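>
Protein chains: 2
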Amino acid sequence: MNIGEVSERAGLPAKTIRYYEDIGLVRPLRSDNGYRAFRDSDIHKLAFLGRARTFGFSIEDCRTLLDLYEDETRESAQVKAVAQEHLAAIDEKIAQLRSMHDTLSHLVDACHGDHRPDCPILKDLAKEP
Amino acid sequence: MNIGEVSERAGLPAKTIRYYEDIGLVRPLRSDNGYRAFRDSDIHKLAFLGRARTFGFSIEDCRTLLDLYEDETRESAQVKAVAQEHLAAIDEKIAQLRSMHDTLSHLVDACHGDHRPDCPILKDLAKEP
DNA sequence: TCTTGAGCTTCCAGCAACTGGAAGCCCTAT
DNA sequence: ATAGGGCTTCCAGTTGCTGGAAGCTCAAGA
């Protein structure tokens with residue numbers, strides 16, 4: 012199967028699929044004309060990767076997860092560990108963003124947003140801590 | 012004032028300050044020996060930038076905010092607009108992360124995390140949607 | 001005075017994860 | 001024969017720095 016159809020089926024842009032081959036996440040065969048020839052297993056892998064990426068896993072995590080997926084002797088504890096670490100990172104990011112949100116929304120609420128130059132947002136940014 | 016002291020005072024790495032000069036956010040003078048010579052106003056600007064960055068504003072937003080800060084004829088509505096747009100982006104990111112968190116934490120909870128290969132996390136990643 | 005070490009300079013490369021574009025081959029249909 | 005769409009590679013750019021190498025400057029100590 013050519014890259015265009017794979018792109019549709021796996022839900023990934025062709026560019027991304029080529030990139031994933033570049034970094035060794037998939038290894039499609041090649042036809043005589045030089046076109047990539049994807050097997051069902053390649054498409055399956057790509058869909059797996061796409062889904063893992065929507066969970067926010069890094070490419071390296073994706074590589075690990077894919078390896079585990081293909082390893083019959085894996086222990087679910089290994090998978091769980093990767094997922095938990097990622098979950099912790101997500102939590103931290105949410106906390107960061109929430110703190111940004113809270114500070115900033117206070118400032119936005121305090122700003123008149125009119126034609127006058129006076130602005131608590133700028134005042135806060137400029138303040139000496 | 013040399014870059015080292017400015018770095019401490021503004022709370023930004025020297026590398027970052029040089030980078031900010033590169034992209035035109037600050038324009039320190041130069042001493043005869045070629046060293047950057049920062050005025051108080053430069054330090055003030057850098058601290059402003061540092062604080063804006065902790066709020067998660069992009070560099071381009073920071074540039075805009077700095078311009079507004081220095082523009083006596085600004086209207087606070089302009090500042091508020093930038094901040095509100097950023098706030099909306101933050102909200103969106105939080106929503107995304109929360110959705111990731113929710114799905115993933117369910118899967119993590121469902122995973123035994125033992126020595127056996129069976130794993131609902133991998134099962135989910137591999138499923139056909 | 002010479003040397004040593006810290007601090008400064010520039011420039012180049014690399015991170016993550018793609019994305020866009022150019023130049024050019026391949027295949028099918030008219 | 002030619003037009004088009006799909007495929008190929010390679011290079012550059014995105015964001016916001018960060019690390020490192022090579023080399024100049026300055027102040028202090030032997």
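Chains L and W, in that order, give the protein sequences.
Position in the first sequence counted from 1, then plus 11, gives you the working numbering.
Position in the second sequence counted from 1, then plus 11, gives you the working numbering.
We put the CB at the ideal spot given by N, CA and C, even for glycine.
Predicted model only: the values in this text are computed from it and were never measured.
#1: How would you call L:Ser42, buried or exposed, if buried means at least 16 neighbouring beta carbons within 10 angstroms?
#2: Is it buried or exposed for W:Leu115, if we count other Cβ within 10 angstroms and need 16 for buried?
#3: Listing by chain order, which chain L residues have their CB less than 9 Å from the CB of W:His123?
#4: Going along chain L in order, which residues have a C-beta closer than 7 Å to the C-beta of W:His126?
#5: Any beta carbon of chain W sitting closer than 8 Å to that of L:Phe66?
#6: On the criterion of 16 or more Cβ atoms from any shown chain inside 10 Å, does L:Tyr30 qualify as buried, or is it exposed?
#7: Can you confirm whether the segment 50-63 of chain W touches the segment 21-28 of chain W when touching is taken to mean that 3 or more C-beta pairs between the two stretches lie within less than 8 Å?
#8: Strictly under 8 Å for the Cβ-Cβ distance: is L:Tyr30 near chain W by that measure?
#9: Should W:Leu40 be labelled buried (16 or more other beta-carbon atoms within 10 Å of its own) or exposed?
#10: Measure the CB-CB distance between W:His112 and W:Asp72 and report whether it falls below 8 Å.
#11: Where L:Ile132 and W:Thr84 are concerned, what is the direct C-alpha to C-alpha distance, given to the nearest angstrom?
#12: Just to confirm my understanding: we take W:Leu36, look at its own chain, exclude 5 residues before and 5 after, and list those with CB closer than 8 Å. What are they?
#13: Verify whether the separation of the beta carbon atoms of W:Pro128 and L:Ser87 is less than 8 Å.
#14: For the alpha helix (DSSP H) that contains L:His59, what are its first and last residues?
Let's see:
#1: Using a 10 angstroms sphere on the CB of L:Ser42, the tally of other CB atoms stays under 16, which defines it as exposed.
#2: Looking at its Cβ environment, which holds 16 or more other Cβ atoms inside 10 Å, W:Leu115 is buried.
#3: What W:His123 touches in chain L: Ser87, Ala88 and Lys91.
#4: Simply Glu86 and Ala88.
#5: Judged by the 8 Å Cβ criterion, L:Phe66 is in contact with chain W.
#6: Classification of L:Tyr30: exposed, given that the 10 Å Cβ count is below 16.
#7: Yes: the two stretches touch, three or more of their Cβ pairs being nearer than 8 Å.
#8: Closer than 8 Å: no.
#9: Residue environment for W:Leu40: exposed (fewer than 16 other C-beta atoms within 10 angstroms of its C-beta).
#10: No, the pair does not count as a contact, with Cβ atoms beyond the cut-off.
#11: Roughly 16 Å between the two C-alpha positions.
#12: Excluding positions up to five away in sequence, the list reads Lys56, Leu60, Ile70, Cys73, Arg74 and Leu77.
#13: Against a cut-off of 8 Å, the Cβ pair of L:Ser87 and W:Pro128 comes out as a contact.
#14: Note on residue identity: the sequence assigns Phe, not His, to residue 59 of chain L. If you look at L:Phe59, you'll find it in the alpha helix (DSSP H) that goes Asp51 to Thr65.
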